[in-house]
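S.K.:
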Amino acid sequence: NAGVTQTPKFRILKIGQSMTLQCTQDMNHNYMYWYRQDPGMGLKLIYYSVGAGITDKGEVPNGYNVSRSTTEDFPLRLELAAPSQTSVYFCASSYGGQGGGGETQYFGPGTRLLVL
Amino acid sequence: AQSVSQHNHHVILSEAASLELGCNYSYGGTVNLFWYVQYPGQHLQLLLKYFSGDPLVKGIKGFEAEFIKSKFSFNLRKPSVQWSDTAEYFCAVNGETGFQKLVFGTGTRLLVSP
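Protein chains in written order, with this note's numbering: chain S, 64 to 179; chain X, -4 to 109.
1. Here's the rule: buried if 16 or more other CB atoms are within 10 angstroms of the residue's CB, otherwise exposed. What is S:Asn125?
2. When you compare the CB of X:Lys73 with every CB in chain S, is at least one pair closer than 8 Å?
3. With X:Leu105 as the anchor, note down where its beta strand (DSSP E) starts and where it stops.
4. Give a yes or no on whether the C-beta atoms belonging to X:Arg104 and X:His4 are separated by under 8 Å.
5. At 7 Å on the CB atoms, spell out the chain X contacts of S:Pro172, in chain order.
6. Under a Cβ-count criterion, where at least 16 other Cβ atoms within 10 Å of its own Cβ denotes burial, should S:Glu166 be classed as buried or exposed?
7. Can you name the residues of chain S whose CB is closer than 7 Å to the CB of X:Thr101?
8. Does the beta carbon of X:Leu97 sit closer than 8 Å to a beta carbon anywhere in chain S?
9. Under 8 Å Cβ-Cβ, which residues of chain S neighbour X:Phe85?
10. So if I threshold CB-CB distances at 8 Å, which residues from the segment 140 to 154 of chain S count as touching chain X?
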């Protein structure tokens, strides 16, 4: 299994440009997540999905959009890039089948985004 | 809102020293607790977790953590660190905002000198 894969690894955007960060998992996990990691700030949840067709906002959703048309894919869309969106973005997935919340989240390698 | 505090932002140790990283959380209800590790250039991976049962949890690579409910704490320990333990360590908790939504601490960067 490849686990959770993310593309691209690194991207530079100009202010106002748009882009999509790709995330794919091959573990047949129901739940998927997008986080951003800023220096000294830990990880903040942007959006998450509990299954195909179902998404919900996390702690810092402004400026982002997501969709979940398949179990495997969970792309993150930035419509109008701003310098405040310079960050490292991590996608994660978990099984989500048992509830109780003790399930492990598996993380992708991250996408480093620089908005100038 | 639920929060997680990691008071040690940077820790420097020599090899063979003992390690304890603090983690405190704010929610008084049922929680699940996690420690994740991020080695240089790698993605986050699970070190250990507390779900229920024995409050002393053992994880990979000789790490352990103790859930003390009365102190709202889940400190990470290792009796003897190695150079390869150099990494950033994140405590995380879920519960108050839904059991699938993890809240992370700000991380502790550990440097182990050989």
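Where a beta carbon is used, it is the ideal one built from N, C-alpha and C, also for glycine.
M.R.: For this structure:
1. exposed
2. no
3. 103 to 108
4. yes
5. His38
6. buried
7. Gly103, Met104, Gly105
8. yes
9. Gly105, Leu106
10. Phe153
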